[in-house]
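Inspection log for the structure reproduced underneath, given as structure tokens.
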Amino acid sequence: MLETLTLFLNEMEYADYQVIEQVTAMSRWGEPRQNTAVWPGYNSAIIVQEVDPVKAKGLIGEINKMNAAAFNNSELVAAYMWGIEEYTVVKPVE
């Protein structure tokens, strides 16, 4: 699923995102992933920064479509969107 999401982000030209490949997690809809003998494995996380609200809502819509087509709970993607009130403007050093 991580590859599917990063491919989509690149195709839709989302320029600012970070991937965290190994995240331990607990959720209500799947088995825990704690990288232990009892709960093996990891989840992944992608953090996307998008200022265009239409584009951000489009991403949420695509994730909802992926979830609707999931075969089981391990294929579900959790997505959250929130507004940022203040931030720094990053300008490239010349």
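Numbering (the numbering used here), first residue to last: 395 to 488.
By construction, the Cβ of each residue, glycine as well, lies at the ideal position given by its N, Cα and C atoms.
Predicted, not measured: the structure shown is a model, and the values here were computed from it.
Residues that residue i bridges to, as DSSP identifies them
{"i": "Asn-437", "result": "Val-417"}
{"i": "Gln-443", "result": "Note: Gln-443 sits in no beta bridge, so no partner."}
{"i": "Arg-361", "result": "Residue numbering for the chain in the displayed model covers 395 to 488; residue 361 lies beyond these limits and cannot be assessed."}
{"i": "Tyr-408", "result": "Tyr-408 is not bridged to any residue."}
Beta-carbon proximity check, residue i vs residue j, cutoff 8 Å
{"i": "Asn-437", "j": "Ala-419", "result": "yes"}
{"i": "Val-442", "j": "Leu-453", "result": "yes"}
{"i": "Ala-472", "j": "Ser-421", "result": "yes"}
{"i": "Tyr-411", "j": "Leu-401", "result": "no"}
Spatial neighbours of residue i in its chain, beta-carbon cut-off 8 Å, leaving aside the 5 residues before and after
{"i": "Gly-429", "result": "A small correction: the amino acid at residue 429 is Asn; Gly does not occupy that position in the sequence shown. Only Gln-416, Thr-418, Gly-435 and Tyr-436 meet the Cβ criterion."}
{"i": "Thr-398", "result": "Met-460"}
{"i": "Leu-470", "result": "Trp-423, Gly-424, Asn-461 and Ala-464"}
Whole-number beta carbon distance between residue j and residue i, since they are thought to touch under 8 Å
{"i": "Gly-424", "j": "Asn-458", "result": "Gly-424 to Asn-458, Cβ: 17 Å. No contact."}
{"i": "Ala-450", "j": "Met-475", "result": "6 Å"}
Residues of its chain near residue i, where Cβ-Cβ distance is below 7 Å and the 5 sequence neighbours each way are ignored
{"i": "Arg-427", "result": "Thr-418, Ala-419, Trp-433, Gly-435, Tyr-436 and Asn-437"}
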